[in-house]
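Chemist: The following block contains the structure, expressed as structure tokens.
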Amino acid sequence: LRKALDDTKIKWYPIPVSVGIGFLGLAQVYRINEREKARQQEDGLGDNGYVNGTSGGSDGEGPEGSPQKRPKIRPTGPWQIQVMSTLPLKAISRLWGKFNELQIPYYLRVPGFKLYSFIFGVNLSEVSEPDLHVYPNLAAFFYRTLKPGVRPLDPNHNALLSPSDGRVLQFGRIVGGEVEQVKGMTYSLDALLGAHELDESYPPKSSHDMMPKKGATSYREGDSEVIKQDEEFATVNGISYTLPNLFSGPHKGPDAKTADASTTPKPASEAEVRAELALGARPWYARVTQANRTALYYVVIYLAPGDYHRFHSPTAWVVEKRRHFAGELYSVSPYLQRTLPGLFTLNERVVLMGRWRWGFFSYTPVGATNVGSIKINFDRELRTNSLTTDTAADKAAEQAAKRGEPYSGFAEATYEAASPILHGHALRRGEEMGGFQLG
Amino acid sequence: STVVLVFEAPKKKRPSLDEGWMGDETKIKGGWNWTVEKGQTVKMGQAIGFV
Chain A
1 LRKALDDTKI KWYPIPVSVG IGFLGLAQVY RINEREKARQ QEDGLGDNGY VNGTSGGSDG
61 EGPEGSPQKR PKIRPTGPWQ IQVMSTLPLK AISRLWGKFN ELQIPYYLRV PGFKLYSFIF
121 GVNLSEVSEP DLHVYPNLAA FFYRTLKPGV RPLDPNHNAL LSPSDGRVLQ FGRIVGGEVE
181 QVKGMTYSLD ALLGAHELDE SYPPKSSHDM MPKKGATSYR EGDSEVIKQD EEFATVNGIS
241 YTLPNLFSGP HKGPDAKTAD ASTTPKPASE AEVRAELALG ARPWYARVTQ ANRTALYYVV
301 IYLAPGDYHR FHSPTAWVVE KRRHFAGELY SVSPYLQRTL PGLFTLNERV VLMGRWRWGF
361 FSYTPVGATN VGSIKINFDR ELRTNSLTTD TAADKAAEQA AKRGEPYSGF AEATYEAASP
421 ILHGHALRRG EEMGGFQLG
Chain B
1 STVVLVFEAP KKKRPSLDEG WMGDETKIKG GWNWTVEKGQ TVKMGQAIGF V
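In order, the protein sequences belong to chains A and B.
Using our numbering, the first residue of the first sequence is number 1, and each one after it goes up by one.
Using our numbering, the first residue of the second sequence is number 1, and each one after it goes up by one.
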């Protein structure tokens, strides 16, 4: 090879300048075309990272004639995020899961788990199984249980409990449907939980009572008379509408007594109310709050790798429905939460929605690259971080595009069959709900 | 991994002027109260807030 390199004569020929310019011009045109295509595709994306309308052809065909797929959203941010967005994170996560299910040799288990515990701060005295040889692999150790009594529940029954071990990253009140992420990054509630469509389940059937009452779903004219007095839920475009099922009793405010019947608009009919609400006169998160007496709050809890990774019910509540967003699996480390806006709306997550004593309640475990599998104990059909689920989501997006409808970005299931009386799955405070598993 | 809770809870009730409220925020009672700080480590079962 050296001889060939040394002895071969290199002869340079001049290329006409016009050919060079033409080549560079073509390359530039190609790049611009690709960029424009990508931009058009992004214009069709919603906050949840999926198509809001059809893109790439109304027949559901992609730009290259391939079936329409959920386009992968490219997050903006520093180079680390740009690099991360090019990686097949879900495939890596699944591979990581398989790797951690490999059986560890018997004599390496104790030193291995002790090293892991030392690095990530696991308190081994709390682990239910004192003999670490019992755990065949890291996945089993990661999903360990604790000794009974090491996590006593707060005695105050009006308190909301921490569902798991972790660190409180952010909490506060939701104003205008915006949830604040770490360091002031905000994202919309719709993007996190999914856009709400008007149905019989929302607003909750009874906010103050876990047991739905007979006839509570009907619109009552009396409610209109009361609600129009409320500043928060006054008339919309001249039509006064009701907030069905939000009140457990008649309004006792002083304004209701002194209302002048001559100046009050005529109560809207049920059809008008439904039409108005369907048009999105008010966002759903505004509709769930009870006439300015309640507000929506949020809290974000981060589970470090060494933490106990099962989660429990933070209060007594009824889960009415589940929404599974088969998104990406970025890391959810505090660093990435600071640098990647809307991280929780990109990642795969399971939104459990229902009601508690005070009204609406939702619980959302968000997956990450290392812990992509979310398990819900009372939902055997749920499969997260699964190739099958991804394919099904792609198919759903394709079918929605064919119908010319927007793809919601999630697969929904209801738990109404769990209890015909409660219309959902009831959970006690502190009851184990599920957990995060490796990969 | 992360858990996000979004829930509805009563607002704090500010007393009316008739009830003698003179702008003292500490007199505002009821409603939702947080018992945690940002960055605080919590254990399962610990209260993070109460009504």
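Cβ coordinates follow ideal geometry from the N, Cα and C atoms, glycine included.
If you run the structure through DSSP and keep just helix, strand and coil, what is H324 of chain A?
Modeler: Position 324 of the first sequence, counting from 1, holds the residue named residue 324 of chain A. In this structure, DSSP gives H324 of chain A an extended state, which the three-state scheme calls strand.
Chemist: Taking three-plus beta-carbon pairs below 8 angstroms as touching, is the segment 428 to 437 of chain A in contact with the segment 307 to 326 of chain A?
Modeler: yes
Chemist: For H309 of chain A, would you say it is in contact with chain B, using Cβ-to-Cβ distances shorter than 8 angstroms as the test?
Modeler: As a working mapping, residue 309 of chain A is identified with position 309 in the first sequence. Yes, contact with chain B.
Chemist: Quick check: E328 of chain A and H423 of chain A, are their CB atoms within less than 8 angstroms of each other?
Modeler: Walking along the first sequence from the start, residue 328 of chain A turns up at place 328. Walking along the first sequence from the start, residue 423 of chain A turns up at place 423. Not in contact: E328 of chain A and H423 of chain A (Cβ atoms no closer than 8 angstroms).
Chemist: Where DSSP assigns a beta bridge to P10 of chain B, which residues make up the other side?
Modeler: As a working note, residue 10 of chain B is residue 10 in the second sequence. As DSSP reads the structure, P10 of chain B sits in a beta bridge with A:T294.
Chemist: Find the nearest neighbour of V42 of chain B within the set A:S162, A:R403, A:I174, A:T391, judged by alpha-carbon distance.
Modeler: Residue numbering aside, residue 42 of chain B sits at position 42 when the second sequence is read from its first letter. Residue A:S162 is the option with its Cα nearest to V42 of chain B.
Chemist: Given a limit of 8 angstroms on CB to CB distance, which residues of the segment 20 to 45 of chain B reach chain A?
Modeler: W32, W34, T35, V36, E37, K38, G39, Q40, T41, V42, K43, M44, G45
Chemist: Check whether the Cβ of G424 of chain A lies closer than 8 angstroms to any Cβ atom in chain B.
Modeler: The residue you call residue 424 of chain A lines up with position 424 of the first sequence. Chain B, which has no Cβ nearer than 8 angstroms to the Cβ of G424 of chain A, makes this no.
Chemist: Using the rule of at least 16 other Cβ atoms within 10 Å of the residue's Cβ for burial, across every protein chain shown, is D6 of chain A buried or exposed?
Modeler: Here residue 6 of chain A corresponds to residue number 6 of the first sequence, with the count starting at 1. So D6 of chain A ends up on the exposed side.
Chemist: Do the CB positions of T389 of chain A and R380 of chain A come within less than 8 angstroms of each other?
Modeler: Stepping through the first sequence from its first residue, residue 389 of chain A is reached at position 389. Stepping through the first sequence from its first residue, residue 380 of chain A is reached at position 380. Not a contact, by the Cβ cut-off of 8 angstroms.
Chemist: As a quick exercise: from A:F361, A:V300, A:V351, pick the residue whose alpha carbon is nearest that of S333 of chain A.
Modeler: In the first sequence, the residue the question calls residue 333 of chain A occupies position 333. The option with the nearest alpha carbon to S333 of chain A is A:V300.
Chemist: Take A413 of chain A and list the residues in its own chain whose beta-carbon comes closer than 6 angstroms to its own, dropping the five residues that flank it on each side.
Modeler: On the first sequence, residue 413 of chain A is found 413 positions in, with the first residue counted as 1. Counting only Cβ-Cβ distances below 6 angstroms, and skipping sequence neighbours, we find R322.
Chemist: Measuring straight from C-alpha to C-alpha, what distance separates R338 of chain A and Y302 of chain A?
Modeler: Taking the first sequence and counting its residues from 1, the one referred to as residue 338 of chain A is at position 338. Taking the first sequence and counting its residues from 1, the one referred to as residue 302 of chain A is at position 302. Counting only the Cα atoms, Y302 of chain A lies some 13 angstroms from R338 of chain A.
Chemist: Around the C-beta of S1 of chain B, are 16 or more other C-beta atoms found within 10 angstroms, so that it is buried, or is it exposed?
Modeler: For the purposes of this step, residue 1 of chain B is identified with residue 1 of the second sequence, where counting begins at 1. So S1 of chain B counts as buried.
Chemist: Closer than 7 angstroms, Cβ to any Cβ of chain B: which residues of the segment 155 to 166 of chain A, in chain order?
Modeler: For the segment 155 to 166 of chain A, the set of residues with a beta-carbon nearer than 7 angstroms to any beta-carbon of chain B comprises N156, N158, A159, L160, L161, S162, P163, S164, D165, G166, in chain order.
Chemist: Within the continuous beta strand (DSSP E) that includes M433 of chain A, where are the two ends?
Modeler: For the purposes of this step, residue 433 of chain A is identified with residue 433 of the first sequence, where counting begins at 1. Start and end: 432 to 437.
Chemist: Might you give, ordered along the chain, the residues of its own chain that have their beta carbon closer than 7 angstroms to the beta carbon of R151 of chain A, omitting 5 neighbours on each side?
Modeler: Start at 1 with the first residue of the first sequence, and residue 151 of chain A comes out as number 151. Here the set comprises nothing.
Chemist: What are the start and end residues of each continuous alpha helix (DSSP H) run of 4 or more residues lying completely inside the segment 359 to 414 of chain A, in chain order?
Modeler: 387 to 403
Chemist: Would you identify the three-state DSSP class for V332 of chain A, choosing helix, strand or coil?
Modeler: Position 332 of the first sequence, counted from the start, is the residue given in the question as residue 332 of chain A. DSSP places V332 of chain A in coil when its eight states are reduced to three.
Chemist: So is T8 of chain A buried or exposed if we call it buried at 16+ other beta carbons inside 10 Å?
Modeler: Indexing the first sequence from 1 puts residue 8 of chain A at position 8. It is exposed - the Cβ of T8 of chain A has fewer than 16 other Cβ atoms within 10 Å.
Chemist: If distances are taken between C-alpha atoms only, which option among A:G112, A:G342, A:W358 comes closest to V366 of chain A?
Modeler: Your numbering for residue 366 of chain A matches position 366 in the first sequence. When each option's Cα is compared against that of V366 of chain A, the closest is A:G342.
Chemist: Examine chain B for any beta-carbon lying closer than 8 angstroms to the beta-carbon of R323 of chain A, and answer yes or no.
Modeler: Stepping through the first sequence from its first residue, residue 323 of chain A is reached at position 323. Output row for R323 of chain A: interface = no.
Chemist: Who are T41 of chain B's beta bridge partners in DSSP?
Modeler: Translated into positions along the second sequence, residue 41 of chain B becomes position 41. According to DSSP, T41 of chain B bridges with A:R167.
Chemist: In whole angstroms, what is the alpha-carbon distance linking I92 of chain A and M353 of chain A?
Modeler: Taking the first residue of the first sequence as 1, we reach residue 92 of chain A at position 92. Taking the first residue of the first sequence as 1, we reach residue 353 of chain A at position 353. Approximately 30 angstroms, taken between the alpha carbons.
Chemist: Determine, using beta carbons only, whether V29 of chain A comes closer than 8 angstroms to chain B.
Modeler: Here residue 29 of chain A refers to the residue found at position 29 of the first sequence. No, because no Cβ of chain B sits closer than 8 angstroms to the Cβ of V29 of chain A.
Chemist: Grab the span of the beta strand (DSSP E) containing W356 of chain A for me, first residue to last.
Modeler: Looking up residue 356 of chain A in the first sequence gives position 356. It spans 349 to 356 - the beta strand (DSSP E) in which W356 of chain A sits, taken as one unbroken run.
Chemist: What are the residues that DSSP puts in a beta bridge with Y302 of chain A?
Modeler: Counting from 1 along the first sequence, the entry for residue 302 of chain A is found at position 302. Its beta-bridge partners are A:R167, B:T2.
Chemist: Comparing the C-beta of A148 of chain A with each C-beta of chain B, is any distance below 8 angstroms?
Modeler: Locating residue 148 of chain A in the first sequence gives position 148, where the first residue counts as 1. At residue 148 of chain A the sequence reads Pro, which differs from the Ala that was named. False, the Cβ-Cβ gap to chain B never drops below 8 angstroms.
Chemist: Against chain B, which members of the segment 120 to 154 of chain A pass a CB distance test of less than 7 angstroms?
Modeler: R151, P152, L153, D154
Chemist: In terms of DSSP beta bridges, what is N158 of chain A paired with?
Modeler: On the first sequence, position 158 is the one that residue 158 of chain A refers to. In the DSSP output, where bridge partners are listed per residue, N158 of chain A has none listed.
Chemist: Output needed for L305 of chain A: all residues of its chain with C-beta closer than 6 angstroms, excluding positions within five of it in sequence on either side, in chain order.
Modeler: For this step, residue 305 of chain A is matched to residue 305 along the first sequence. The identity of residue 305 of chain A in the sequence shown is Pro, whereas the question assumes Leu. For P305 of chain A, where only same-chain residues beyond five positions count, the Cβ hits under 6 angstroms are F120.
Chemist: Could you tell me whether the Cβ of I301 of chain A comes closer than 8 angstroms to any Cβ of chain B?
Modeler: Within the first sequence, residue 301 of chain A is the residue found at index 301, counting from 1. Under the Cβ distance rule, I301 of chain A counts among the residues neighbouring chain B, one pair being separated by less than 8 angstroms.
Chemist: Tell me the rounded alpha-carbon separation between I10 of chain A and R31 of chain A.
Modeler: In the first sequence, the residue the question calls residue 10 of chain A occupies position 10. In the first sequence, the residue the question calls residue 31 of chain A occupies position 31. If you take the alpha carbons of I10 of chain A and R31 of chain A, they lie about 33 angstroms apart.
Chemist: Nearest to N33 of chain B by CA position, among B:V4, B:V6, B:K12, is which residue?
Modeler: Taking the second sequence and counting its residues from 1, the one referred to as residue 33 of chain B is at position 33. For the residues B:V4, B:V6, B:K12, the minimum Cα distance to N33 of chain B belongs to B:K12.
Chemist: Can you pull the DSSP bridge partners for F142 of chain A?
Modeler: Locating residue 142 of chain A in the first sequence gives position 142, counting from the first residue. In the DSSP output, where bridge partners are listed per residue, F142 of chain A has none listed.
Chemist: Once the 5 residues before and after A139 of chain A are set aside, which same chain residues still bring their CB inside 6 angstroms of it?
Modeler: The count along the first sequence starts at 1 and reaches residue 139 of chain A at position 139. Excluding residues within five positions, the ones whose Cβ falls inside 6 angstroms are N100, E101, L438.
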